[in-house]
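When the letters of the sequence shown are read in order and numbered with the working numbering, they come out as residues 1 to 289.
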Amino acid sequence: MTNKVRKAVFPAAGLGTRFLPATKASPKEMLPLVDKPLIQYSVEEAVASGCESILIITGRDKTAIEDHFDIAFELEQTLKQKGKGDLLEMVHAISELAQVTYTRQKQALGLGHAIYQAKDFVGNEPFAALLADDVVDAERPALRQMIDVFEKYQAPVIATMQVEGEAISRFGVIDADEVEPGVYKVKDMVEKPPFAEAPSDLAIIGRYIFTPDIFEAIEQTKPGAGGEIQITDAMRILLKTRPLYALRLNGRRHDAGDKLGFLIATVEFALKREDLANDFREYLRTLQL
Numbered sequence: 001m002t003n004k005v006r007k008a009v010f011p012a013a014g015l016g017t018r019f020l021p022a023t024k025a026s027p028k029e030m031l032p033l034v035d036k037p038l039i040q041y042s043v044e045e046a047v048a049s050g051c052e053s054i055l056i057i058t059g060r061d062k063t064a065i066e067d068h069f070d071i072a073f074e075l076e077q078t079l080k081q082k083g084k085g086d087l088l089e090m091v092h093a094i095s096e097l098a099q100v101t102y103t104r105q106k107q108a109l110g111l112g113h114a115i116y117q118a119k120d121f122v123g124n125e126p127f128a129a130l131l132a133d134d135v136v137d138a139e140r141p142a143l144r145q146m147i148d149v150f151e152k153y154q155a156p157v158i159a160t161m162q163v164e165g166e167a168i169s170r171f172g173v174i175d176a177d178e179v180e181p182g183v184y185k186v187k188d189m190v191e192k193p194p195f196a197e198a199p200s201d202l203a204i205i206g207r208y209i210f211t212p213d214i215f216e217a218i219e220q221t222k223p224g225a226g227g228e229i230q231i232t233d234a235m236r237i238l239l240k241t242r243p244l245y246a247l248r249l250n251g252r253r254h255d256a257g258d259k260l261g262f263l264i265a266t267v268e269f270a271l272k273r274e275d276l277a278n279d280f281r282e283y284l285r286t287l288q289l
């Protein structure tokens, strides 16, 4: 098994029910954060972290994702004819980002089931899994931070963030010992515990680095509610045979799959844009809040 994380997997077959009706015919992953779809932020993060091959796990009505990362010949020709070189360069760069392949998840049966679709793609290599609606704004790419931990400990790594108070019950939560600042050796995981029973304030977020033995663990995982195979349950099986680490990311995580989280992310990303920040900030100051 190679020790280099070269491959990244993007589960994108979910129904996006939190964003209906916008996601009735359009993939949630294609919702624009300012002017770039959510999934492009995550693919760019993976590429910036050293990943060379990308697998996007799609479902029905997700062809817009494939079109986005493909060459748009007619659009590029039109931009070329109109002399819009900067836009041409930006559009063409998307199709050159990475080697992107696709596979279909015929039924949305949970994150564990989605990741299992990557078994042939991964082979005998470690790999990253990223959820596009978790957007992490960080100076050093979030996935690169995790790869550093993986290379040091040679074990699976999950991303965590601190969540205060009752909100922790919306997440998977780790029970872990801190082995160095921000790095934890995981003892157990609990899915959406009541606040009073949460083993820590460290929530699992949508970034993972797995070794190929995760697939065997998924095969042993019993379906939970709705017949879904949860990746947390598979990781608990994995914990019985190998160590697993968690990293508290340096950066700000946005839940862009949630309406309020998406709005907050839109405002914060717009305020970081040189071409928008000044005018947008002035507009925000006019609001009677």
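A virtual CB, placed ideally from N, CA and C, is assigned to each residue, including glycine.
Please read all numbers here as calculations on a predicted model, not as lab measurements.
Asked, Found
"Span of the beta strand (DSSP E), counted from its first residue to its last, around G206", "L202 to F210"
"Contact the segment 226 to 236 vs the segment 101 to 113: 3+ CB pairs below 8 Å", "yes"
"For L33, three-class secondary structure by DSSP", "strand"
"DSSP-derived helix/strand/coil call for Q162", "strand"
"Outcome for L284 when other beta-carbon atoms lying within 10 angstroms are tallied against a minimum of 16", "exposed"
"Span of the alpha helix (DSSP H), counted from its first residue to its last, around G112", "L111 to Y116"
"Sequence-distant residues of its chain with Cβ nearer than 6 Å to E228 (five each side left out)", "L109 and G110"
"Residue of V122, A132 and M90 minimising C-alpha distance to T101", "V122"
"Distance between F195 and A167 (C-alpha atoms, nearest Å)", "8 Å"
"Stretch-stretch touch, CB-based, cutoff 8 Å, three pairs: the segment 159 to 177 with the segment 45 to 56", "no"
"Residue(s) in a DSSP beta bridge with E66", "The partner list for E66 (beta bridge, DSSP) is empty, contrary to what the question assumes."
"Other residues of its chain near V149: CB distance less than 7 Å, five sequence neighbours each side excluded", "V157, V183, Y245 and L247"
"Buried or exposed (CB count within 10 angstroms, at least 16 for buried), L131", "buried"
"L45, DSSP secondary structure in three states", "Leu is not the amino acid found at residue 45; the sequence shown has Glu there. Helix."
"Cβ neighbours of V91 in the same chain (closer than 7 Å, five flanking residues each side left out)", "A72, L75, E76 and L79"
"Outcome for T58 when other beta-carbon atoms lying within 10 angstroms are tallied against a minimum of 16", "buried"
"Outcome for K36 when other beta-carbon atoms lying within 10 angstroms are tallied against a minimum of 16", "exposed"
"Local Cβ density within 10 Å of K192, reported as buried at 16 or more and exposed below that", "exposed"
"F19 beta carbon less than 8 Å from that of K259", "yes"
"Residues near D201 in its chain [Cβ-Cβ closer than 7 Å; skip 5 each side]", "Q162, V163, E164 and I168"
"Endpoints, alpha helix (DSSP H) assigned at R285", "A277 to T286"
"Cα-Cα separation, L38 to A256", "8 Å"
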